[in-house]
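Letter by letter, the sequence shown follows residues 0 to 616 in numbering that gives the first Met the number 0.
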Amino acid sequence: MTCTRYFSLVILLLLAEFAIALDRPNFVWIMSEDNSKHYLKHFDESGVSAPNIEALAEHGITFDRAFSCAPVCSVARTTLITSCYAPRIGTQFHRRSKPAQMPEGLRMFPAYLQDAGYYTTNNSKEDYNAVKTDDVWNDSSKKAHWKNRPSKQTPFFHVLTSTLSHESSLHFSKEKMLNESTQTDTASVELPPYFPNTDTFRYTRATYHDRMKAIDGVVGKVVDELRDAGELENTFIFYFGDHGGVLPRSKGYIYESGLHIPLVVRVPDHYKTLVSRDLHSRTNGLVEFVDFGPTVLSLAGVEAPNGIDGRAFLGGAIRPDEVDKRNETIGYADRFDEKYDFVRSLRNDDFKYIRNFEPFYPDGLQNNYRYKMLAYEEWRTLFEQGKLNAIQRKFFEAKAPEALYNLREDPHETRNLADEPAFSGKLLQMRNRLVERLKEMPDLSFLPEAVLFKSAMSNPVDFGQQQKLEIAGLVDTVNLALLPFEEAEPRLREAIESTNPWTRYWGLVAATSHGQTDSSLQTLVKTCLTDEEPLVVMRAIEYLAVCSDIDPRAYLYRSVGRATNEPELLRLLNTAVFLNDHFGDRLGIDAIKLNSSITISTKGEPKNRLDYLSGKR
């Protein structure tokens, strides 16, 4: 080949690469921390005006029913970056006790954009519960920016997270509340019916409205940067909250206030043909965090990998009517810092089904970080003083094992329809559908975190497949809580006497959920106080605390001393706090003695529980 022909070929290849680059859109994600859709007037009349976010919607699409799958950052962000349901891949606990390896053959989705020539940047929060490889981000730091790409022809995917709306912005002092006014008039804010109507709650809500105005300023700045660089009409801009929140009963809870996020996607002029929707349109199709990665890949013309759970909701091949008909999302809640409470939800159009697998734990169970907020503290104080109405005090009471809400008529999820005969068919339909989905994953949370910590995290998906039949059986065992007690009792006894420790474990949970003071069942449960598995003992202790006047604390102290890893210890300490705070008149917790083989981190979650039990905050 002559030199002339060689250089001609090189030039042709470079031109082809340049043409392909020109044909790829850019992407910017703007994530605001800890806010549900309820704080923006564009989504909810009780929210504030946000002209920059509204301007995105004028030139794009509003998703009125978009959802984080989890109501807390690390689990939600891991769901986003992996496009996988966290309980299937072992990333469902916040904060992780051990990071999970990614599913075999699967990478975090920005890696596939890098393969296609994209410059990928993240500024700067990651908070992943899975192991990240080096091919995810070209730069993930406080200095990361799309402007740093190698050339102006290089397409980019950039993530910006704003902390201005984070939960910590509501950790103000009483002095500040008394001496510093909010921009938003406290008299103008609307409080949901489950909150007490107090100055503290009004000030807290008004403060958060101010935070959302600041977030709108961040959005405006990003748009200006893109416009000034001539990239605005080459770039899809996604604005959304990283999960719901952040007033009490939102972040960390599986209600709509914890999962229902704002989502607006601005469509650039140069790539309108990739979106078969009118600008300034809205859709009621239900989309969720597992769908966001596949959507970016679809718009970028990159094939989504096998093994993910999400489906694209925008892109040349995505029909709007198909997205508009999407009517189902799933939600999961497991551990939030030191607080355990295993909950799953299924939303179908306007109906929401919640399965509280540990209903004897009240929503208000102590979480040290949550209770830094004055509103949390005041709410609990008013409960202890008997000053709340029936709706407001539910937060501190045992929950129903299952709940069904009609969100069109009851958007705040205060009227449980599960026991109403007129909704029995809908209840059964949604219960069965959730069970089907949990078994299909399978949901790894039916095995305790301590088990996953020891045996699963090197390949959680493979581990789940190996345990799939066992997990299905455990789902059926704990769902004995949903049967009439007379029908469930013989099967409860069979489960509690099983040779499988986790069948015993969930059989005891189901028995506790019934709350029956059955003397013969108590006798059987007492035999579990000397079980070889400390976590089975823990479940027996909870049953006896809820369903008898027996004092089982000595067995709790013994089990704490037998714990061999941090997740096992933390689970036991969760029960200690439950006993101390809700049965303290007879089951107050004394000195806790730990197994000397466990090293407790000074910043670890067990330390939070031990500090609380010792009177420190």
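Using N, Cα and C, we set each Cβ at its ideal position, and we do this for glycine too.
Measure the alpha-carbon distance for Lys393 versus Pro98 and round it to whole angstroms.
In the sequence shown, residue 393 corresponds to position 394, counting from 1. In the sequence shown, residue 98 corresponds to position 99, counting from 1. C-alpha separation (whole angstroms): 35 Å.
Can you check which of these residues, Ile549, Arg95, Pro70 and Ile353, is closest to Pro645 by C-alpha distance?
No answer is possible for residue 645: the residues shown for the chain start at 0 and end at 616.
Determine whether the beta carbon atoms of Leu534 and Ile495 lie at a separation below 8 Å.
Against the sequence shown, residue 534 aligns to sequence position 535. Against the sequence shown, residue 495 aligns to sequence position 496. No, these two residues do not count as a Cβ contact at 8 Å.
Do you know offhand how far Val559's Cα is from Thr78's?
Taking the first residue of the sequence shown as position 1, residue 559 is located at position 560. Taking the first residue of the sequence shown as position 1, residue 78 is located at position 79. One C-alpha to the other measures close to 33 Å.
Nearest-angstrom Cα distance between Glu287 and Phe66?
Here residue 287 is taken as the residue at index 288 of the sequence shown, counted from 1. Here residue 66 is taken as the residue at index 67 of the sequence shown, counted from 1. One C-alpha to the other measures close to 5 Å.
Report the CB separation of Gln100 from Met440 in whole angstroms; it is logged as a contact under 8 Å.
Counting from 1 along the sequence shown, the entry for residue 100 is found at position 101. Counting from 1 along the sequence shown, the entry for residue 440 is found at position 441. Rounded, the Cβ-Cβ distance is 17 Å, inconsistent with contact.
Which residues in the same chain as Lys36 place their Cβ atom closer than 7 Å to its Cβ, once the five residues preceding and following it in sequence are excluded?
Indexing the sequence shown from 1 puts residue 36 at position 37. The answer, listed in chain order, is Phe42, Asp43, His259, Ile260 and Pro261.
Out of Gly292, Thr197, Ser161 and Ala186, which one is the CA nearest neighbour of Gly240?
Within the sequence shown, the letter at position 241 stands for residue 240. Among Gly292, Thr197, Ser161 and Ala186, the Cα nearest to that of Gly240 belongs to Ser161.
Can you tell me which of the three DSSP states Lys351 falls into?
Here residue 351 refers to the residue found at position 352 of the sequence shown. Lys351 falls in the strand class under three-state DSSP.
So what does DSSP say about His165, is it helix, strand or coil?
Counting from 1 along the sequence shown, the entry for residue 165 is found at position 166. It is coil, neither helix nor strand.
Looking only at its chain, what residues have a beta carbon closer than 7 Å to the beta carbon of Ser82, apart from the 5 residues adjacent to it on each side?
For this step, residue 82 is matched to residue 83 along the sequence shown. Contacts found: Phe108, Val289, Gly292, Pro293, Ile307, Asp308 and Gly309.
Inspect the beta-carbon positions of Ala399 and Asn388 and report whether they are closer than 8 Å.
Locating residue 399 in the sequence shown gives position 400, where the first residue counts as 1. Locating residue 388 in the sequence shown gives position 389, where the first residue counts as 1. It is not a contact, given that the beta carbons lie outside the stated cut-off.
Over the uninterrupted beta strand (DSSP E) stretch that includes Asn25, give me the two end residues.
Counting from 1 along the sequence shown, the entry for residue 25 is found at position 26. Run containing Asn25: Asn25 to Ser31, per the beta strand (DSSP E) assignment.
Return yes when the Cβ of Thr90 is within less than 8 Å of the Cβ of Gly116, no when it is not.
Counting from 1 along the sequence shown, the entry for residue 116 is found at position 117. Counting from 1 along the sequence shown, the entry for residue 90 is found at position 91. It is not a contact, given that the beta carbons lie outside the stated cut-off.
Return the bridge partner residues of Ile214 from the DSSP annotation.
Here residue 214 refers to the residue found at position 215 of the sequence shown. Ile214 is not bridged to any residue.
If I follow the unbroken alpha helix (DSSP H) through Asp475, where does it start and stop?
Reading the sequence shown from its first residue, position 476 is the one you call residue 475. Element bounds for Asp475: Lys467 to Val477.
Between the stretch 165-176 and the stretch 342-356, can you find at least three pairs of beta-carbon atoms closer than 8 Å?
At 8 Å Cβ cutoff, the stretches do not touch.
Whether or not the stretch 351-364 and the stretch 429-440 are in contact is what I'm after, with contact meaning three or more pairs of Cβ atoms, one per stretch, closer than 8 Å; do they touch?
The stretch 429-440 vs the stretch 351-364: in contact.
Straight-line CA distance for Asn147 to Thr132?
Within the sequence shown, residue 147 is the residue found at index 148, counting from 1. Within the sequence shown, residue 132 is the residue found at index 133, counting from 1. Cα to Cα, the separation comes out at about 21 Å.
By DSSP, does Ala20 sit in helix, in strand, or in coil?
The sequence position of residue 20 within the sequence shown is 21, counting from 1. The pLDDT assigned to Ala20 is 47, lower than 50, so where the model puts this residue is not dependable; a value taken from the coordinates is nonetheless given after this. If DSSP states are grouped into helix, strand and coil, Ala20 belongs with the helices.
Would you list the one or two residues that DSSP bridges to Phe171?
Sequence index remark: in the sequence shown, residue 171 carries index 172 (1-based). DSSP, once it has assigned bridges, lists no residue as partnering Phe171.
For Arg432, which three-state DSSP category applies?
Locating residue 432 in the sequence shown gives position 433, where the first residue counts as 1. Of the three classes helix, strand and coil, the one that applies to Arg432 here is helix, per DSSP.
Can you tell me whether Pro489 is buried or exposed, with buried defined as 16 or more other CB within 10 angstroms of its CB?
Numbered from its first residue, the sequence shown carries residue 489 at position 490. By the 10 Å Cβ count, Pro489 comes out exposed.
So what's Asp548 in DSSP terms, helix, strand or just coil?
Against the sequence shown, residue 548 aligns to sequence position 549. Looking at Asp548 - three-state DSSP - the assignment turns out to be coil, as it is neither helix nor strand.
Hey, could you find the ends of the alpha helix (DSSP H) Tyr504 is sitting in?
The residue you call residue 504 lines up with position 505 of the sequence shown. Pro500 to His513 is the extent of the alpha helix (DSSP H) around Tyr504.
With DSSP as the reference, please indicate the residues paired to Asn51 in a beta bridge.
As a first step, residue 51 is located in the sequence shown; it is residue number 52 there, counting from the start. For Asn51, which the question treats as bridged, DSSP gives no partner whatsoever.
Cutting at 8 Å between CB atoms, please list the residues of its own chain near Ala20, excluding the five before and the five after it.
The sequence position of residue 20 within the sequence shown is 21, counting from 1. Confidence at Ala20 is low in this model, with a pLDDT of 47, below 50, so its placement is unreliable and the value that follows should be read with caution. So the qualifying residues of the chain are Gly116, Gln152, Thr153 and Pro154.
Just to confirm, are Asp442 and Pro86 a CB contact at a threshold of 8 Å?
Start at 1 with the first residue of the sequence shown, and residue 442 comes out as number 443. Start at 1 with the first residue of the sequence shown, and residue 86 comes out as number 87. Contact: yes.
Contact check, Leu520 vs Ala544 under 8 Å by CB: the rounded distance?
Within the sequence shown, the letter at position 521 stands for residue 520. Within the sequence shown, the letter at position 545 stands for residue 544. Not really, about 14 Å apart at Cβ, beyond 8 Å.
Return the CA-CA distance between Leu586 and Val188, expressed in angstroms with no decimal places.
Reading the sequence shown from its first residue, position 587 is the one you call residue 586. Reading the sequence shown from its first residue, position 189 is the one you call residue 188. Spanning the two alpha carbons is a distance of roughly 41 Å.
Once DSSP output is grouped into helix, strand and coil, what is the label at Ala455?
The residue given as residue 455 occupies position 456 in the sequence shown. Coil.
Whole angstroms is fine: what's the gap from Ser423's alpha carbon to Ala417's?
Position 424 of the sequence shown, counted from the first residue, corresponds to residue 423. Position 418 of the sequence shown, counted from the first residue, corresponds to residue 417. Taking the straight line joining both Cα atoms gives about 7 Å.
Quick one: what's got a C-beta closer than 7 Å to His269's C-beta in the same chain, skipping five residues either side?
Against the sequence shown, residue 269 aligns to sequence position 270. Glu232 and Asn233, listed in sequence order.
Who are the Cβ neighbours of Asp209 in its own chain at under 7 Å, not counting the five residues just before and after it?
Stepping through the sequence shown from its first residue, residue 209 is reached at position 210. Result list for Asp209: Thr181, Gln182 and Thr183, in chain order.
Using the DSSP secondary-structure output, state which residues sit across from Glu401 in a beta bridge.
In the sequence shown, counting from the first residue as 1, residue 401 sits at position 402. Beta-bridge pairing links Glu401 to Arg354.
Quick one: residues in its chain with C-beta nearer than 7 Å to the C-beta of Tyr202, no 5 flanking neighbours on either side, listed in chain order?
As a working note, residue 202 is residue 203 in the sequence shown. The residues are Met176, Thr181 and Thr185.
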